[in-house]
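Here the structure is laid out as structure tokens; the discussion comes afterwards.
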Amino acid sequence: MTQTKKLSKREVNKAFWIYQLGCEESNSYERLQSLIFCASMIPAIKKLYADDKEEQKKALKRHLTFFNTEGSIGSSIQGITLAMEEEKANGADISGSAITSIKTGLMGPLAGIGDSVIWSALMPIIISIFIPMAKSGNPLGGLLPLIIYTAITMYISYFLIHRCYTVGRSSIIDLLQNGLIKEVIYGANVLGMMMMGALSASYVTVTTPLKIHVPGGSTIVLQTILDSMLKGLLPLAAVLLIYWYMQKKGPRYGVIIGTIIVISLLGSFCGIL
Amino acid sequence: MTQTKKLSKREVNKAFWIYQLGCEESNSYERLQSLIFCASMIPAIKKLYADDKEEQKKALKRHLTFFNTEGSIGSSIQGITLAMEEEKANGADISGSAITSIKTGLMGPLAGIGDSVIWSALMPIIISIFIPMAKSGNPLGGLLPLIIYTAITMYISYFLIHRCYTVGRSSIIDLLQNGLIKEVIYGANVLGMMMMGALSASYVTVTTPLKIHVPGGSTIVLQTILDSMLKGLLPLAAVLLIYWYMQKKGPRYGVIIGTIIVISLLGSFCGIL
Amino acid sequence: MTQTKKLSKREVNKAFWIYQLGCEESNSYERLQSLIFCASMIPAIKKLYADDKEEQKKALKRHLTFFNTEGSIGSSIQGITLAMEEEKANGADISGSAITSIKTGLMGPLAGIGDSVIWSALMPIIISIFIPMAKSGNPLGGLLPLIIYTAITMYISYFLIHRCYTVGRSSIIDLLQNGLIKEVIYGANVLGMMMMGALSASYVTVTTPLKIHVPGGSTIVLQTILDSMLKGLLPLAAVLLIYWYMQKKGPRYGVIIGTIIVISLLGSFCGIL
Amino acid sequence: MNNTALAVVMGLYFWFANLRFGYTFSGMLKQPVCVALVVGLITGQMAQAMTIGAGIQLMFLGVTSTPGGNVPNDPALAATIAIPIAVTLNMNAPAAVALAVPFGILGVFLDQLRRTINAIWIHMADKDAEKLNYKGIYAAAFIYPALVGFLIRFPVVFAANYFGRGAVQALITAIPQWLMHGFEVMGSLLPALGFALTISVIGKKKLLPYFFIGFVAVVYFKAEIMAVAIIGVCIAYLVRKNANKEEAS
Amino acid sequence: MNNTALAVVMGLYFWFANLRFGYTFSGMLKQPVCVALVVGLITGQMAQAMTIGAGIQLMFLGVTSTPGGNVPNDPALAATIAIPIAVTLNMNAPAAVALAVPFGILGVFLDQLRRTINAIWIHMADKDAEKLNYKGIYAAAFIYPALVGFLIRFPVVFAANYFGRGAVQALITAIPQWLMHGFEVMGSLLPALGFALTISVIGKKKLLPYFFIGFVAVVYFKAEIMAVAIIGVCIAYLVRKNANKEEAS
Amino acid sequence: MNNTALAVVMGLYFWFANLRFGYTFSGMLKQPVCVALVVGLITGQMAQAMTIGAGIQLMFLGVTSTPGGNVPNDPALAATIAIPIAVTLNMNAPAAVALAVPFGILGVFLDQLRRTINAIWIHMADKDAEKLNYKGIYAAAFIYPALVGFLIRFPVVFAANYFGRGAVQALITAIPQWLMHGFEVMGSLLPALGFALTISVIGKKKLLPYFFIGFVAVVYFKAEIMAVAIIGVCIAYLVRKNANKEEAS
Ligand SMILES: OC[C@H]1O[C@H](O)[C@@H](O)[C@@H](O)[C@@H]1O
Ligand SMILES: OC[C@H]1O[C@H](O)[C@@H](O)[C@@H](O)[C@@H]1O
Ligand SMILES: OC[C@H]1O[C@H](O)[C@@H](O)[C@@H](O)[C@@H]1O
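Protein chains in written order, with the working numbering: chain A, 5 to 277; chain B, 5 to 277; chain C, 5 to 277; chain D, 888 to 1136; chain E, 888 to 1136; chain F, 888 to 1136.
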């Protein structure tokens, strides 16, 4: 019986650092984070398939396929992947495509959660806490957010990659089959949705200055009518229209941003925005 | 094999208009909307049972039995009924009492939903939006609610009768057996209940002016004590007492309204309301 | 066949009064309310086991084992116990330990509910209602809470002991097996938890007066930063820390209260609390 | 336009609005803001009519629901009498509101009369069905209620407008304070009937907690109706699956 | 009534209230507003006594719960000493509150003494049970705790009232600001113990989210306790079926 | 420190921050409050730099999310140009904010350029994988993007700072009111894109009701983000079991 191959803390840490440092740097429209994900697997690949060049190549190629997720909590996918590669290297019946499937299956939900919680909520909240300081001219208003946000997110990432590697090793299949992961993702999505609603209401602040003078002297302030219909109607409409457009036509980013520019300038020019 | 009988858009539209225009006009204490429901079925009955006078009579009588629901969303019952009559005319094994059962089963829940959403919520909300306009003397404050409310409700009705006729034709039984209708009604009832609570709190505004002067100089304002027990205690009590009375004794409408008059005048006279 | 033994209203009432009057009086660290629970069973024991001294002794001892619950709603346990003793005296196959088990099983949940609802919520609410009166010098501000609170809680207790005795007699097992009791306890726990949260926020009012003067003139008010992180952070921390400590180390009451005293005095001395 | 004409138009308006021809259309037609529009057109004092209409409308906002056809209050009778009189007598809004209250209640009884009489037509329709007299059924549904309705509705409003002005002026000064206030109290209590009726019609006791949530949201959290409506829709959607669970138990 | 009499009555009151005869009755008797009532009756300065009682009561509102019999603070000792002294010395409410704090905490230890001693009676009852001595059990439950309780409770309050006035006057001027404030901080922290204890007694970690909901409702949405209570009842009713689900998992 | 040096440092800062070396670290580095810190250090006018940075930051608070790598707005370009200019020209905060807006949008296109170019390195990596050239993959991931990034980022910011001051002064007086306001409108609309993108990424239509609940909580109940976050966590925990139910249906 051949000796069991086993990753050490070292390789997991390397994977963590490579991905954390570089996951945005090489991010491209074509395959987003695939390059860095692959790079982060290199130390493990070298060790696990040390005696088999072909397997090394296969592994590299497997991790160069499309990958994208939110980097902070996405490190959990690295953990699971490392565990699966290890199993595979030890002869377990895990196909390359199984690994890819699990990566692909998890990356979407985790992106949604991370984007809404880590970036849309945590980051502005931390900045907000120190804005009064910054306003009063205190440099800590800039330094503390940098330190605190980085520290929190790195800690989460670090915890998740190690935790998922450990759990993943003992029972990947269990983890995925029992409802737990589903529950966590479901709950996090609920949270994410609520945050998006709250943040849309807080940060999308468009209103209309339009006033209509009715013959007879009275004036109709359009925004007042909109407010009595539904407060925040315009911001809500903006978010939902963009969302709806993306659902129909895909993320045509340029079109949307162009339209926003045109509407803003035209609206301002005509006095309706 | 005999030719399939099929209602055209025309008959459905006629049913829609007859019911929408007349469902309140002939509304009586005895059988409420049965007369108009029957009238609205006439065009379809003529077409479906064109060659069978006896079936026509039976159908008319069947639709003269007790019927009452909220007219706007109640048109969905018309749609389903038309679909069932069509099936029956084509020889499907649908008894007259089956049709009556479905009408009777749906009319109650839909009345509850429609009364609370269409009448208790939608109507005052639309009026409220334009009250500032009306207050400032603008005639649009009267015209716009008329147009908008009528348009919205008619659209809903029109949509529902056609939709339910179409769906009803393909699979009435399915529709009723799978949980969907139950879910919709349940959800709408939840909404209705919340609206009733909110509206009771907003529109039932009774308070007590009673003050008790305690020997020693201090004054007890009864309303303050009631408020510190439960804000809106009197309005809540009013709604729940009437509700409770109706549950016990049935909708003895005259008694209730008479009692309200007496309590109001007496209460005002004695200075306790 | 021997004559059926049956408790009369008299014995139930006696049990009620003994427990209501004395459940706190003899409350000890060792076995808390066991003494009074046993005492409250004496009239029933005398009657049910009138002809069997040994059974009397056994019953007394059985009810001298550890017992503790919230006295107001805890009377329901008395009711159930009386019913079970009656069954047992009539020869039903109920062991002494079965009786003890049910007592023990119910006393915890009921304590949680009663403590949070009867004591933590009902009592301060009733007092609060009359505090304005008291403040203005009116003696009713002291008298009315005494009467009202005592009346309400005694009524609840009285109702529960009789009700549970009656229901208990017909179908103790049913009651416990179908989910109803579980549901009631679950719901009441939910309420209790919410009340604890609300009350913690209302009554734990610790804040920090600490101000840090930054070179350059601006001042950081620590409480402002804490508030922008999480309003009520210190009170929440206080409650959760104590809770967590008790989970780990058990209810080391003296240690906790001592720590609070030390922290308060030290904190005040150093100007951080 | 002279007073007689105004009285005639109001009588006709009241007849037509309470005919309830057009389910939601007529429901809105009965509202004071709509009546005010017509009074404004006829008298030429649009601004004043609308302002008074808006004032009266506020009192009737809670009573637009008519479960089982029962109105807790009739805005149409109140408005077709109070608004023209208030406008032509130059009364202020609060006085007009007080004037409207008793007619609102009177209207309830007028409506009960209508729906009692309507029982006649359904019996006629029973016979027409036997004879397959389709025209007869249509007539029972549309023509007869309109004709008889004219007899019981037009005279009331016409007379009140034609003769009322003087009487009202006398009344307004004569009516004791407590009675005025008594009417106000009625106005604040009557919506309760409508809401209680609707809860009855919904008829699900197990859902009462939602009623209390809505109530508390408004009295304690100052929630606006629209906010409750949106949250209500969201909650309704999220808990809809309980339909089956509740059924089971 | 002279001071000796006042001191005696207060001593007796404290003894009786903390005897806890009558479960909820005595629980309320321990509250400052009730003590104030008695002080008012005896001194004849009802208005002043009630006002001061109300002030002290506020500080003890959060500590009425006594899970497992443990009081985080004893309003009765605080009130039976602070209220009479404050009234007779004409102190204002804030000073009376500060005076009350340390006695509230002292009361905790007095109560621990009581419950330690109470262990004696349960052992007596064990023996009585063996001999079927029913009277003995009753006595252990009612008579002995009352007698011994008198010895450990009456003297404290009597002495504090009898000798206290002078000492208090001296103390009030001598006590440093930070110590006074330290007592306030204690008062603001102690309720935490009661609530933490109650959460422990409820003992369902999975329900902690409801705790946070209640907390947030108050700190962020300024919810009143009553509003949380009503919403809480509604939610409790609506989610009760989860009892079985949670069990299963 | 003279202007040239300031322009160089800003150019380097912008290059490094938008290199995105360090995932969350660089994400924060791009924020105006962090840029302000550096400007303050260099110019010695820390207080003023921080104040202006805080003002600009407010406008970018809603756009920190970058789902799929798409930024709806680039705070880094806006800040590295607007803050130094505003500080050295002694502009007030609102003027600095208006100045920042167009650069924020320009930055989006610069970032699209970066991510288009980045496609080159992934193709290089494909070949390296074939040859098991591990060093090559690392270089593709870290070295090349940094080098090329310098070419497309440094010049823009350097030039804007070096030549910009004069132009900006002229511009600020010349720009019409409506255009200024148009930029403001853009700033108020752009966050919508980020949030819509994130909802897309979450991708569960059935959960939209939670979106509305969050929205209503803020617009109607004035909820703070933190309150929504806590309630959100609680609700998420309480409803997590629905995961399986929803799946099934
Ligand atoms: O309550 C159901 C229904 O009853 C009557 O038919 C009318 O009042 C309707 O407006 C109402 O919706
Ligand atoms: O906690 C349960 C219970 O414990 C003790 O017996 C007493 O303090 C009661 O008041 C309390 O309800
Ligand atoms: O949306 C998922 C993911 O997409 C890109 O890779 C980056 O913008 C990340 O910041 C983001 O989290």
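Ideal Cβ positions, reconstructed from N, Cα and C, are used throughout, including at glycine.
The criterion of a C-beta distance shorter than 8 Å is not satisfied by A1006 of chain D and S232 of chain B. Ligand 2 has no heavy atom closer than 7 Å to the beta-carbon of A1028 of chain E. Shown here for I1009 of chain D: same chain residues with a beta carbon closer than 8 Å to its own, the five before and five after excluded, namely A1027 in chain order.
Contact annotation: in the segment 1104-1127 of chain F, residues whose CB is within less than 7 Å of a CB in chain E are F1108, A1110, E1111, A1114, I1117, I1118, C1121, Y1124 and L1125. Distances from the CA of L1019 of chain F to each of A:F70, A:T73, A:I229 and A:I46 were compared; the closest alpha carbon is that of A:I46. With 16 or more neighbouring CB atoms inside 10 Å of its own CB, P1096 of chain D falls in the buried class.
Here L976 of chain F carries a coil assignment [DSSP, helix/strand/coil].
Remark: the C-beta of T73 of chain A is in contact range of ligand 3, defined as less than 7 Å to any heavy atom. Against chain F, the CB of I970 of chain E has no partner CB under 8 Å away; the residue lies outside that interface.
Collapsing the DSSP output to three states places S132 of chain C in a helix. By the CB criterion at 8 Å, A965 of chain E and A987 of chain E fall inside the cutoff. For G75 of chain A, the CB contacts under 8 Å within the same chain, skipping 5 residues up- and downstream, are Y23, Q24, C27, E28, Q37, G118 and S161 in chain order.
For I1100 of chain D, the chain E residues whose Cβ falls inside 7 Å of its Cβ are I1118 and C1121, in order along the chain. Taking C-beta atoms under 8 Å as the contact rule, V1105 of chain D and A202 of chain B qualify, at a distance of about 5 Å.
Placement of the Cβ of E29 of chain A at a distance of 7 Å or more from every heavy atom of ligand 3 is found. Interface flag for K1091 of chain D against chain E is unset, since no Cβ pair is found closer than 8 Å. Residue environment for K107 of chain A: buried (at least 16 other C-beta atoms within 10 angstroms of its C-beta). L147 of chain C has its Cβ no nearer than 7 Å to any heavy atom of ligand 2. For L916 of chain D, the CB contacts under 7 Å within the same chain, skipping 5 residues up- and downstream, are A904 in chain order. Using a Cβ-Cβ distance cut-off of 8 Å, the segment 210-219 of chain B and the segment 184-198 of chain B are not in contact, since fewer than three pairs of beta carbons, one from each stretch, lie closer than that value. Under the three-state reduction of DSSP output, V950 of chain E falls in the helix class. When Cβ pairs closer than 8 Å are counted between the two stretches, the segment 152-166 of chain B is seen not to touch the segment 1061-1072 of chain D, the count staying below three. In the DSSP assignment, V225 of chain A forms a beta bridge with A:K215.
Relative to ligand 1, even the nearest heavy atom lies 7 Å or more away from the CB of T69 of chain B. In the displayed model, F1108 of chain F falls within coil according to three-state DSSP, outside both helix and strand. For the C-beta of T228 of chain C, the chain A residues within less than 8 Å are, from N- to C-terminus, P136. Residue contact check for N977 of chain E against chain C: no CB pair falls below 8 Å. In the three-state DSSP reduction, L39 of chain C falls in the helix class (H, G or I). Around the Cβ of G95 of chain B, a 10 Å sphere holds fewer than 16 other Cβ atoms; the residue is exposed. Relative to the non-hydrogen atoms of ligand 3, the Cβ of L36 of chain A comes within a distance shorter than 7 Å of at least one.
In this structure, the alpha-carbon of G172 of chain C lies about 38 Å from that of L230 of chain B. Between the segment 935-948 of chain D and the segment 987-1002 of chain D, the count of Cβ pairs shorter than 8 Å is three or higher; the stretches touch. In this structure, K65 of chain A keeps its C-beta atom at 8 Å or more from the C-beta atom of E15 of chain A.
By the rule that beta-carbons nearer than 8 Å mark a contact, P1096 of chain E touches chain F. For M199 of chain A, the closest C-alpha among the options A:V121, A:Q82 and A:S80 is that of A:V121.
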